[in-house]
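To keep things clear, I will list the structure first and then write my remarks on it.
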DNA sequence: ACCCCATGGTTGAACTCTAAACTATATTGC
DNA sequence: GCAATATAGTTTAGAGTTCAACCATGGGGT
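Protein chains in written order, with the UniProt record's numbering: chain U, 1 to 164; chain E, 1 to 164.
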């Protein structure tokens with residue numbers, strides 16, 4: 001139980017800047033998707049991930065992992081997408097607990113319509129505003145943050161077990 | 001109406017890395033706050049911003065701007081925080097449409113309790129995993145993204161006017 | 001074979017967020 | 001001074017998310 005190391009003014013500036021930039025950027029992308037294609041960005045990501053899979057289908061839990069989504073959230077989302085006719089569920093033969101989510105033909109068409117606007121927005125507000133060096137740096141920074149987070153998840157699991 | 005410039009594999013990697021890192025990081029902070037202090041990160045930010053103001057109070061719209069929140073969202077959030085007794089609304093004398101949100105003594109205490117865990121998490125997963133040079137870079141990158149987004153907002157307002 | 005627990009996934013309730021409509025006050029231009 | 005419009009903030013309805021509880025199947029150990 002040591003003393004808290006508060007953020008000094010310089011760190012505050014960096015932190016607020018980071019929050020502001022990523023927050024505004026993500027919000028912009030989400031709004032763009034909602035406005036132009038009538039779905040939240042998270043749903044677009046589901047369609048996008050599915051479209052890149054052989055058979056355009058994936059087990060629910062794998063899909064959740066790829067989309068950084070909880071199982072519950074994905075389940076709700078897929079239900080919604082299923083109602084829209086863009087995704088269909090299929091049982092898994094080898095594991096009867098399992099479910100596949102599969103992109104429908106209609107879902108693929110919707111994805112094709114939505115993708116250009118999304119990619120354009122990403123390019124315009126990320127790749128076009130950063131220099132090649134900055135992109136390199138951003139890659140390293142992202143990697144470092146992810147790496148610093150990974151043990152945390154592992155630790156959480158261990159602690160869960162340790163409760164007995 | 002020119003051709004879409006799709007992301008090449010390298011750009012895809014950077015983009016996915018960025019999404020993964022920021023997504024996981026923010027989610028971690030949100031979960032930490034929810035678990036340890038029973039409120040979403042967004043609510044903590046409201047309390048934090050208020051606490052730094054003279055009189056610990058701020059007009060609703062200014063508060064919304066500082067928290068990168070819509071007016072509607074802030075209104076809901078403040079209602080919730082008011083129920084909890086952590087914030088109180090006060091009418092504005094000079095502009096009778098206006099409202100101040102003011103941090104209560106109890107709200108300040110809650111904030112003091114929640115802050116150490118939050119700051120520690122931010123430090124642990126951001127400042128401790130990046131080198132001083134990377135922090136510098138991140139600051140520049142954030143600034144560039146924000147700058148690239150700012151004209152967009154201005155443009156949106158102009159277009160709104162142009163509809164007449 | 002059976003018990004125990006882990007895993008895959010869904011569900012329902014409570015909560016948060018968004019968008020649009022709405023009220024009330026302020027401001028502007030004639 | 002008044003109509004038109006802009007601004008501040010709230011409200012309502014609907015959509016999305018979270019959390020915990022839940023069902024069903026799978027996989028050991030004994």
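Glycine included, each C-beta is placed from N, C-alpha and C at the ideal position.
Keep in mind that this is a model prediction, so the values were computed, not measured.
Here residue 130 of chain U carries a coil assignment [DSSP, helix/strand/coil]. Counting along the chain, the unbroken alpha helix (DSSP H) around residue 112 of chain U starts and ends at 105-122.
Under the 7 Å criterion on CB atoms, residue 2 of chain U is classed as non-interfacial with respect to chain E. Proximity to residue 40 of chain U across U/99, U/118, U/98, U/145 peaks at U/118, based on C-alpha coordinates. DSSP lists no bridge partner for residue 25 of chain E. Distance from the Cα of residue 114 of chain E is smallest, within the candidate group E/78, E/47, E/97, E/27, for E/47.
In its chain, beyond the 5 residues on either side, 58, 63, 66, 67 have a beta carbon closer than 8 Å to the beta carbon of residue 49 of chain E.
When the five nearest sequence neighbours on each side are left out, the beta carbons in the same chain lying within less than 7 Å of the beta carbon of residue 15 of chain U are those of 7, in order along the chain. Burial state of residue 77 of chain E is buried, judged by a 10 Å Cβ sphere holding 16 or more other Cβ atoms. By the neighbour-count definition (other C-beta atoms within 10 Å, threshold 16), residue 148 of chain U is a buried residue. Closest by C-alpha distance to residue 54 of chain E, out of E/121, E/45, E/103, E/75, is E/103. The three-state secondary structure of residue 3 of chain U, taken from DSSP, is coil. Listed along the chain, the chain U residues whose CB falls inside 8 Å of the CB of residue 46 of chain E amount to none; the nearest CB is some 13 Å away. Per the C-alpha coordinates, the member of E/60, E/33, E/18, E/21 positioned closest to residue 97 of chain E is E/60.
Cβ-Cβ separation between residue 110 of chain U and residue 125 of chain E: approximately 36 Å, too far for a contact (criterion under 8 Å). In terms of beta-carbon proximity, residue 139 of chain E lines the interface with chain U, with at least one pair separated by less than 7 Å. Listed by position along chain E, the residues whose Cβ is nearer than 8 Å to that of residue 120 of chain U are 4, 5. As the crow flies, the alpha-carbon of residue 20 of chain E is around 33 Å from that of residue 79 of chain E.
For residue 49 of chain U, not one C-beta of chain E is nearer than 7 Å to its own C-beta. Between residue 141 of chain E and residue 29 of chain U, the C-beta gap is not smaller than 7 Å, which leaves the two residues out of contact. Here residue 38 of chain E is exposed, its C-beta having fewer than 16 other C-beta atoms within 10 Å. For the segment 22-34 of chain U, the beta-carbon criterion of a distance under 9 Å to any beta-carbon of chain E is satisfied by 22, 23, 24, 25, 26, 27, 28. Neighbours of residue 63 of chain U across chain E, judged by C-beta separation under 7 Å, do not exist; the nearest C-beta is about 15 Å away. Close CB contacts of residue 92 of chain U within its chain, under the 8 Å cut and outside five residues either way in sequence, are with 59, 98, 99, 100 (chain order).
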